[in-house]
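K.L.:
Quick one: the structure is below, and I'll ask about it shortly.
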Amino acid sequence: MTPNQQPEATSPPAPENGLPALADWAKNPIYVQSEQAFRRALPELLKRHHRKWAAYHGDECLGIAPTQTELWERCTGRGLKPGEFTVRFISEGALDDTDELGWMTVDFERYKFDPE
217 MTPNQQPEAT SPPAPENGLP ALADWAKNPI YVQSEQAFRR ALPELLKRHH
267 RKWAAYHGDE CLGIAPTQTE LWERCTGRGL KPGEFTVRFI SEGALDDTDE
317 LGWMTVDFER YKFDPE
């Protein structure tokens, strides 16, 4: 991977993985707020945390880490469910349309979604 290239985005997991579809996440106001907070913070994040990962729940930054997995574990460890937070890669291309709203390769089997 070149210095300005971000990890390859993947398609959302199929519903049989126990997670809501991306369209469902985009309907969740807290997920949308999380995405918007990341977008607002990106210029400063690029200065201080380029090529790391950021997790947001609403307007709150839950952490910066070198791996996506670390942040997913931190978020789910706080009791947040997938779709209630976003974990995004901090790079110049983070807001490109090809980024697919932050979908990256994650072992979703570890984060079973229970809508109850």
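Read in this note's numbering, the sequence shown has 254 at position 38, and its numbers run on one by one without any break. Glycine is no exception: its CB is placed at the ideal position from the N, C-alpha and C atoms.
Please name the residue or residues paired with G279 in a DSSP beta bridge.
P.N.:
The partner list for G279 (beta bridge, DSSP) reads A271.
K.L.:
Please classify G309: is it buried, with 16 or more other beta-carbons within 10 angstroms of its beta-carbon, or exposed?
P.N.:
Under this definition G309 is an exposed residue.
K.L.:
Looking at C-alpha atoms only, which residue of I306, L287 and P298 is the closest neighbour of V248?
P.N.:
Checking every option, the nearest Cα to that of V248 belongs to P298.
K.L.:
Can you check which of these residues, E260, S307, H273 and R267, is closest to T292 by C-alpha distance?
P.N.:
Looking at the Cα atoms, H273 is the closest of the given residues.
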